[in-house]
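Just below is one structure, and these are the notes that go with it.
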Amino acid sequence: MLMEMEKMETTAEAAKDERKRKITYAEAVLEATDQCMQMDSSVFVIGEGVPDPKHIFGTTTGLREKHGKNRVLDMPVSENGLTGVCIGAALKGLRPIMVHQRLDFILLAMDQIVNNAAKWHYMFGGRLSVPMVIRAIIGQGWGQGAQHSQNLQAILAHAPGLKVVMPSNAYDAKGLLIASVKDNNPVIFIEHRWLHNITGYVPEKPYTVPIGKAKVLREGKDVTIVTSSYMTVQAMKAANALAGKVSPEIIDLRTIKPLDFETIRQSVEKTGKLLVIDSGYYSGGLAGDIIARVSENKSLFGRLKAAPKRVTLPDIPTPTSHALSKHYYPSHIDIIKEVCELANVPEGQAKAIAESERQKLPAKPDVPDPSFTGPF
Amino acid sequence: MENADDEKMENLPDNNILLGLYSSMLLIRRTEERIAELYPEQEMRCPVHLCIGQEAVPAGVCQNLTSEDSAFSNHRAHGHYLAKGGSLKAMIAELYGKETGCAKGRGGSMHLIDLAANFVASTPLVGGTIPVAVGAALAARMQKKNAISVAFFGDSAVEGGAFHEATNFAALHRLPVLFACENNLYASQTHIRERQPEREITQLAKAQGIAVFKADGNDAIAVYTAAKKAVEHARSGAGPAFLEFATYRWLEHVGPNDDSKLGYRTAQEIAEWKEKDPIKKLRETLLGKRVSTEKELEAIDETVKKEVNEAFRFAKESPFPAKETLADNLYAD
Ligand SMILES: Cc1ncc(C[n+]2csc(CCOP(=O)(O)OP(=O)(O)O)c2C)c(N)n1
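For the protein sequence lines, the chains are Y and C, in the order given.
By the working numbering, the letter at position 253 of the first sequence is numbered 253, and the numbering carries on one by one without gaps.
By the working numbering, the letter at position 269 of the second sequence is numbered 645, and the numbering carries on one by one without gaps.
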């Protein structure tokens, strides 16, 4: 089965030949899941609400009808225990895709994820492996508050033995999900809720996007921006607003563990300036880690033309009130400010760009687009 | 016939209790109706899990509690909070994200608190407050207080480890805690038969050696009576008690709308449960047993509506938290 999947990998060239079909990120996740199930009978999907009429924001629609009750399971509200059950199934040859509507729920399963799934291959001398995917949705806005929208990717990336992917667009979502299912290790597949409705070109055929490979989304020469998931959208928005003034190079990490440092290194070597953007928290986070790697790299250290910077969430739990959350979440305007500072854009000009962008912001920036009327 | 009726009369709780149950349920109903009505204005920008149809449980249980007793709840907490005596104004302001809210706008509907009423906390991660309620009971025991504590939770919470760990410990130490389970058949859109084997939820508690009580969760008097026994049991030092109430949520899992179009439950099922409206049921008893008149009940409704109006006015007029306060209360002094 795996061999079959291997053959279906599409090269970038072949992808260009396909007619430009656009689907949403959510549809891309669904299509990847569906195709994995078709190609490999050992794949099954389990999660709270997977077969219910809301279908995890449309990412599991129709799977049960197509693949049957035995392979598309709803789940008791037993996150830790059921993670263990999936690990057991994975040890014995199945490939579970476990789905959590919010990443916050997998905190209950950290014992099984970190102590078991992440460790068993190494701890048992490579004799066992745990090929499973855990989909987790992070987010922001609409008063989800302190316990329903946490961006805790760094905690997961911290644990040795896990792979953590965070696709930022529909194409990567499909390719990375298929790659995650094929991978013989536990992979945490993190989706930002605000990406689900975003559309993009996605080939119909199955293909993989390699885990552990970042992508230069936009070439530039002035500043290296390293980002991932939804913050990639914000970074691109910032770059567009800065067009003609600053030329940033944008690297979409796609996988945060294992990290593709080589791509970052090459870019920073060129620009000498680094801004890391992460939707997670400031302390102990991904951004700090990347800056540390750049700083401790002897050849890069000497090439840095400015102190690296980061844009993250503050070290504060998410406030529910939109009056506070609008000051809590960084937007593309914060990115613009940091880029301008790194690129030595005169202060007056930088302020003018930021101000003109601020005028375009919705009055209540706690929804990704006007179609969201909450709750979600 | 007359005899049977007389007997029923004797078994009825006191009039003030009956009216208390009625007012409590009505306050919850009218408040949530108003939330549902105004939610589309998009000024309450947080998820709301309404308990319309389930009001008898919070009203009936809390009618047995004193302000020394602690209550904890889950995502569907409005009813528990109000029945325990939580401030309506502070709750509505919380939904509006205002500084005057019960959690100063930091929490929203899913994180209610009113320490004056000893409504200690509600949180939306399923099962999360069950062990915490046991901890409050442990404190009451160690501090030699006569207080008990109550954890309100839904049928799905017994699927999680925290429930089993907490009930084990509570039983081991015979702690004065009530486990109040609202079995409304669904967890979000998933029926209980897709989540649990065919056995009574109460068997789980029995297996831990915990006394169990069961009642029709849409009959406020039955809830009150069962909870009274359970509270007496817990307060007497005999150990924890588990209560299961069969009830039903009328509206969608989260949000203000009817969700019959989703198709995970039939229109007939919803209609049947609406027939068992707990407020209508108690109203019929109050009138039938001549505990009160239509006019008196009308007056209660008027008072409640006024209170609700006032709370929404207060919430809307209240200020938002200031930007400078974003980092406040990160750590306790
Ligand atoms: C630990 C955890 N897992 C999943 C969820 C998502 N979730 C929110 S409410 C809910 C169902 C709750 O059902 P129940 O406990 O029966 O209470 P009800 O909503 O019916 O009142 C679920 C699964 C959650 N909040 N917490």
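Even for Gly, the Cβ is constructed at its ideal location relative to N, Cα and C.
Review point. Relative to ligand 1, is the shortest distance from any of its heavy atoms to the C-beta of Leu108 (chain Y) smaller than 6 Å?
Key: The residue labelled residue 108 (chain Y) in the question sits at position 108 within the first sequence. Checking the Cβ of Leu108 (chain Y) against ligand 1 gives yes.
Review point. So His540 (chain C) is in the alpha helix (DSSP H); what residue range does that whole segment cover?
Key: Locating residue 540 (chain C) in the second sequence gives position 164, counting from the first residue. Residues 537-548.
**Study point:** Contacts of Thr499 (chain C) in chain Y (Cβ-Cβ under 8 Å)
**Key:** Position 123 of the second sequence, counting from 1, holds the residue named residue 499 (chain C). Neighbours of Thr499 (chain C) on chain Y, chain order: Gln147.
Check your understanding: Within the 7 Å Cβ cut-off, does Cys422 (chain C) reach chain Y?
Key -> In the second sequence, counting from the first residue as 1, residue 422 (chain C) sits at position 46. Output row for Cys422 (chain C): interface = yes.
Check your understanding: Measuring CB to CB, does Ala687 (chain C) end up less than 7 Å from Ile428 (chain C)?
Key -> Position 311 of the second sequence, counting from 1, holds the residue named residue 687 (chain C). Position 52 of the second sequence, counting from 1, holds the residue named residue 428 (chain C). Not a contact, by the Cβ cut-off of 7 Å.
Review point. Looking only at its own chain, which residues have a Cβ that is under 7 Å from the Cβ of Glu9 (chain Y), when we skip the five neighbours before and after it?
Key: Here residue 9 (chain Y) refers to the residue found at position 9 of the first sequence. Note that Glu9 (chain Y) scores 39 on pLDDT, short of 50, meaning its location in the model is unreliable and no value can be drawn from it.
Point to revise | Spatial neighbours of Val607 (chain C) in its chain, beta-carbon cut-off 6 Å, leaving aside the 5 residues before and after | key: For the purposes of this step, residue 607 (chain C) is taken as the residue at position 231 of the second sequence. If we look at Val607 (chain C) and ignore the five residues flanking it on each side, its Cβ neighbours are Asn440.
Review point. Hey, which unbroken runs of the beta strand (DSSP E) at 3 residues or more fall wholly within the segment 296-353 of chain Y?
Key: Runs found: 309-313.
Check your understanding: Taking Cβ positions only, does Ala691 (chain C) come closer than 7 Å to chain Y?
Key -> By one-based count along the second sequence, residue 691 (chain C) stands at place 315. No, its Cβ sits nowhere closer than 7 Å to a Cβ of chain Y.
Practice item. State buried or exposed for Glu660 (chain C), treating a residue as buried only when at least 16 other CB atoms are found within 10 Å of its CB. Key: For the purposes of this step, residue 660 (chain C) is taken as residue 284 along the second sequence, with counting starting at 1. When all chains shown are included, Glu660 (chain C) counts as exposed.
Practice item. Note down, in chain order, every chain Y residue with its Cβ under 9 Å from the Cβ of Pro697 (chain C). Key: Here residue 697 (chain C) is taken as the residue at index 321 of the second sequence, counted from 1. Chain Y residues near Pro697 (chain C): Pro319, Ser321, Ala323, Leu324.
Review point. At least one CB of chain Y closer than 7 Å to the CB of Tyr562 (chain C): is that the case?
Key: Counting from 1 along the second sequence, the entry for residue 562 (chain C) is found at position 186. No, because no Cβ of chain Y sits closer than 7 Å to the Cβ of Tyr562 (chain C).
Practice item. Just tell me which of Y:Ala350, Y:Ala117, Y:Ser321 has its CA closest to the CA of Asp334 (chain Y). Key: Your numbering for residue 334 (chain Y) matches position 334 in the first sequence. For the residues Y:Ala350, Y:Ala117, Y:Ser321, the minimum Cα distance to Asp334 (chain Y) belongs to Y:Ala350.
Practice item. List the residues of chain C whose Cβ lies closer than 8 Å to the Cβ of Asp74 (chain Y), in chain order. Key: Here residue 74 (chain Y) corresponds to residue number 74 of the first sequence, with the count starting at 1. Result: Thr566, Glu570, Arg571.
Point to revise | Where Pro416 (chain C) sits in the DSSP three-state scheme | key: Translated into positions along the second sequence, residue 416 (chain C) becomes position 40. The answer is helix: DSSP assigns Pro416 (chain C) an H, G or I state.
**Study point:** Which listed residue (Y:Val246, Y:Leu275, Y:Lys245, Y:Ala243) has its alpha carbon closest to that of Asp252 (chain Y)
**Key:** Counted from its first residue, the first sequence places residue 252 (chain Y) at position 252. Taking only the C-alpha atoms, the option nearest Asp252 (chain Y) is Y:Leu275.
Point to revise | C-alpha distance - Ile211 (chain Y) paired with Ser228 (chain Y), whole-angstrom precision | key: Counting from 1 along the first sequence, the entry for residue 211 (chain Y) is found at position 211. Counting from 1 along the first sequence, the entry for residue 228 (chain Y) is found at position 228. The straight-line gap from Cα to Cα measures roughly 14 Å.
Exercise for review: Pull up the DSSP beta-bridge partners for Pro248 (chain Y), would you.
Suggested key: In the first sequence, the residue the question calls residue 248 (chain Y) occupies position 248. Answer is Y:Val223.
Exercise for review: Enumerate in chain order the residues of its own chain whose CB-to-CB distance from Arg410 (chain C) is below 7 Å, with the five nearest sequence positions on each side excluded.
Suggested key: Locating residue 410 (chain C) in the second sequence gives position 34, where the first residue counts as 1. If we look at Arg410 (chain C) and ignore the five residues flanking it on each side, its Cβ neighbours are Val684, Phe688.
Review point. Any chance the segment 182-193 of chain Y sits against the segment 111-123 of chain Y, with 3 or more Cβ pairs inside 8 Å?
Key: yes
Point to revise | Own chain partners of Ala538 (chain C) with C-beta closer than 8 Å, once the 5 adjacent residues on each side are dropped | key: On the second sequence, position 162 is the one that residue 538 (chain C) refers to. Answer for Ala538 (chain C): Gly503, Gly504, Ile506, Pro507, listed in chain order.
Check your understanding: Is it right to say Leu706 (chain C) is buried, meaning 16 or more other beta carbons lie within 10 angstroms of its own, or is it exposed?
Key -> Numbered from 1 along the second sequence, position 330 holds the residue referred to as residue 706 (chain C). Per the 10 Å Cβ criterion, exposed.
**Study point:** Length of the line joining the Cα atoms of Ala235 (chain Y) and Ala492 (chain C)
**Key:** As a working mapping, residue 235 (chain Y) is identified with position 235 in the first sequence. As a working mapping, residue 492 (chain C) is identified with position 116 in the second sequence. Each residue's Cα considered, the two are about 47 Å apart.
Check your understanding: Based on the DSSP secondary-structure assignment, which residues constitute the bridge partners of Ile586 (chain C)?
Key -> Locating residue 586 (chain C) in the second sequence gives position 210, counting from the first residue. Answer is none; Ile586 (chain C) lacks a bridge partner.
Check your understanding: Listed from N- to C-terminal order along the chain, which residues in the segment 476-487 of chain C have their beta-carbon within a distance smaller than 7 Å of any beta-carbon of chain Y?
Key -> Gly481, Arg482, Gly483, Gly484, Met486, His487
Check your understanding: So what does DSSP say about Lys22 (chain Y), is it helix, strand or coil?
Key -> The residue labelled residue 22 (chain Y) in the question sits at position 22 within the first sequence. In this structure, Lys22 (chain Y) counts as strand in the three-state DSSP scheme.
Review point. To the nearest whole angstrom, what separates the beta carbons of Asp278 (chain Y) and Thr312 (chain Y), a pair I think is in contact under 8 Å?
Key: As a working note, residue 278 (chain Y) is residue 278 in the first sequence. As a working note, residue 312 (chain Y) is residue 312 in the first sequence. Confirmed, about 5 Å.
Exercise for review: Quick one: grab the DSSP three-state call for Gly288 (chain Y).
Suggested key: For the purposes of this step, residue 288 (chain Y) is taken as the residue at position 288 of the first sequence. Residue state for Gly288 (chain Y) is assigned as helix, using DSSP reduced to three classes.
Review point. Given a limit of 7 Å on CB to CB distance, which residues of the segment 618-629 of chain C reach chain Y?
Key: none
Review point. Excluding sequence positions up to five away, which residues of its chain have a Cβ less than 6 Å from the Cβ of Phe618 (chain C)?
Key: Here the question's residue 618 (chain C) lines up with position 242 in the second sequence. Correct list, in chain order: Phe555, Ala581, Ile586, Val588.
**Study point:** chain C within 7 Å of Gly58 (chain Y), Cβ atoms only
**Key:** Taking the first residue of the first sequence as 1, we reach residue 58 (chain Y) at position 58. No, Gly58 (chain Y) lies away from the interface with chain C (no Cβ there is under 7 Å from its Cβ).
Exercise for review: Return yes when the C-beta of Pro500 (chain C) is under 6 Å from any heavy atom of ligand 1, and no when it is not.
Suggested key: For this step, residue 500 (chain C) is matched to residue 124 along the second sequence. Flag set: Cβ of Pro500 (chain C) near ligand 1.
**Study point:** Three-state class that DSSP yields for Phe57 (chain Y) in the structure shown
**Key:** Taking the first sequence and counting its residues from 1, one reaches residue 57 (chain Y) at position 57. If DSSP states are grouped into helix, strand and coil, Phe57 (chain Y) belongs with the helices.
Check your understanding: Nearest-angstrom Cα distance between Cys86 (chain Y) and Glu249 (chain Y)?
Key -> Position 86 of the first sequence, counted from the first residue, corresponds to residue 86 (chain Y). Position 249 of the first sequence, counted from the first residue, corresponds to residue 249 (chain Y). Going by the C-alpha atoms only, they are around 40 Å apart.
Check your understanding: Exposed or buried, Glu576 (chain C), counting other C-beta atoms within 10 Å across all chains shown (16 or more means buried)?
Key -> Locating residue 576 (chain C) in the second sequence gives position 200, counting from the first residue. Exposed: under 16 other Cβ atoms inside 10 Å.
Point to revise | Cβ-based neighbour list, Lys474 (chain C), same chain, cut-off 7 Å, excluding 5 preceding and 5 following | key: Along the second sequence, one-based indexing puts residue 474 (chain C) at 98. Cβ neighbours of Lys474 (chain C) within its own chain (closer than 7 Å, five residues either side excluded): Gly481, Ala691, Ser694, Pro695, Phe696.
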